[in-house]
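Listed in order, the protein sequences are those of chains A and B.
Going by this note's numbering, the first sequence opens with residue 1, and the numbers climb by one from there.
Going by this note's numbering, the second sequence opens with residue 1001, and the numbers climb by one from there.
Structure first, then comments.
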Amino acid sequence: MQQSVVRNDILTNTSPIFSQHLGGGVKLHIFSLQHKTYFEVNGCYIIKGYDQTLGGYAFKSRFRYFEVQTTLNYPVFSFLTVKAGFDYSLLFSTNQKRSLRNYNRLDVGVAGGLNFFDSKQFGAYAQVVYGLLPMIRNYQPIDEFGNFGSKLSDLKNTCIMVGVRYNIYDKKIGRKN
Amino acid sequence: MIKKLAVKINILAIACCLLLGSCEGVFVPDPVDPRMPRYTDSGNNVAGAYINGNVWSSKVFFGIVGSSNQPFINYYPTADSVSITFIGAMKDDAYATISFGIKGLKIFMLRDMTKLNNQDFELGTTNFGGYYSRYDDCSVSGMGQLHCRSVKYNAEREFIQFSGTFGFNNKDGSCEDQQVSSGRFDYTF
């Protein structure tokens, strides 16, 4: 699961949410099977968003993404692996009717985190994904007299993710030398 | 072939309205304040504004026996004036209208409304007025602006898509203090 926060300068009365993600991945020993560093590709379905209170009414904004994450991992100790890389998300639906057209479909972020007991059958992970691209697309605020303001690019995702992993294939995949 | 497809789509749309018992305006929520519709110029039949900080919104609803919240235009050729009225409600369901009076542009029928395309008007002057009415009619115009951003006339089916933004204040004491702000509308007349 994760805590999702939307960084912004324009929304009022928002609060982060806790939500879920589910996926799988593969570790690739692209340097060699003997090399400690390896490349990891993960894909998941993830829900991000925020809650907002306006005029006494509560609004939930939920954004459903398919996410692919590519990281370079280095086992510091036998039980602890450090990883860093990039995160690519594709927005495919929202919970508010017709609001999908308001948002950019692609999000790119930097990812960093820790894997615990990576080589065991069961392990855990904790990571942060820091979104770089704005979610809002071509939005112009309207001032009190109906004039359009400058076009806005705002709302960036930040996710703090924790979860458990299950290894279904325990042989190394990669270059032999 | 395209005409046949268009006819089939229209028949399907009408059938859906009849079967489902209703059609309604297309409300695209504003990403900053989802209580308000985002400004669009597609004839979505919605409008919104803040009235003294509270949300006023309008979404046209078409039923089998009639419609609700449908805006209307009154023409007064002898006075060379036209009034445009939007019907909506506050969040507490209190009925309220926002209307505009425009004079001196020789607008006598629907297609003349294209004269408003891409025009801005200062409200509270001799020829242009903005009015908010909730319980009692208020005949004093607020001071502000009306921006008619898009007026598209369809000659074949005789309708217009009319969209724009507005805002005005009325603090002259004759009516309750009114601040109508960040208004936006997108209608098909």
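Note that beta-carbon positions come from the ideal geometry of N, C-alpha and C, so glycine has one too.
Worksheet item: How is R101/A classed by DSSP in three states: helix, strand or coil?
Response: helix
Item to complete: For K97/A, decide whether its Cβ has a neighbour in chain B, counting only Cβ atoms nearer than 9 Å.
Response: yes
Item to complete: Give a yes or no on whether the C-beta atoms belonging to Y1187/B and F1162/B are separated by under 9 Å.
Response: It is a contact, given that the beta carbons lie within the stated cut-off.
Item to complete: Give me the Cβ distance between N1069/B and I1087/B, rounded to the nearest whole Å; I'm assuming they're in contact under 8 Å.
Response: 5 Å
Discussion item. Contact criterion: CB-CB distance below 9 Å. Does L1146/B meet it with respect to chain A?
Written reply: yes
Worksheet item: Apart from the five residues just before and just after N1118/B, which ones in its own chain have a Cβ nearer than 6 Å to its Cβ?
Response: Counting only Cβ-Cβ distances below 6 Å, and skipping sequence neighbours, we find nothing.
Worksheet item: Whose C-alpha, out of Q2/A, Q3/A, R7/A, is nearest the C-alpha of L132/A?
Response: That would be R7/A, whose Cα lies nearest to the Cα of L132/A.
Discussion item. Only counting the same chain, and skipping five residues up and downstream in sequence, which positions put a Cβ closer than 8 Å to that of D1092/B?
Written reply: none
Fill in: Minimum Cβ-Cβ distance from S61/A to chain B less than 9 Å
yes
Practice prompt. Can you have a look at G113/A and say buried or exposed, based on whether 16 or more other CB atoms are within 10 angstroms of its CB?
Written response: buried
Fill in: Interface residues of the segment 1083-1111 of chain B facing chain A [CB-CB below 7 Å]
K1091
Worksheet entry | Cβ of N1117/B within 9 Å of any chain A Cβ | no
Discussion item. Just to make sure I have the definition right: I need the residues of chain B whose C-beta is within less than 7 Å of the C-beta of N73/A. Which are they?
Written reply: In chain order: nothing, as chain B lies at least about 36 Å away.
Worksheet item: What residues of chain B sit near L22/A, judged by a beta carbon separation below 8 Å?
Response: Within chain B, no residue comes near L22/A; the closest Cβ sits about 27 Å away, beyond 8 Å.
Discussion item. Per DSSP, what are the beta-bridge partners of G1048/B in this structure?
Written reply: S1057/B, R1184/B
Worksheet item: What three-state label does DSSP hand A58/A in the structure shown?
Response: Strand at A58/A.
Practice prompt. Would you give the residue range spanned by the beta strand (DSSP E) that V1032/B belongs to?
Written response: From DSSP, V1032/B is part of no beta strand (DSSP E); its letter is neither H nor E.
Discussion item. Can you check whether the C-beta of F148/A is within less than 9 Å of a C-beta belonging to chain B?
Written reply: yes
Discussion item. Applying the 10 Å Cβ sphere with the 16-neighbour rule, what's the burial state of G1066/B?
Written reply: Flag for G1066/B reads exposed.
Discussion item. So that I know if they touch, is there some Cβ in chain A lying closer than 9 Å to that of P1029/B?
Written reply: At least one chain A Cβ lies under 9 Å of P1029/B.
Item to complete: Return helix, strand or coil for D87/A, following the three-state DSSP convention.
Response: strand
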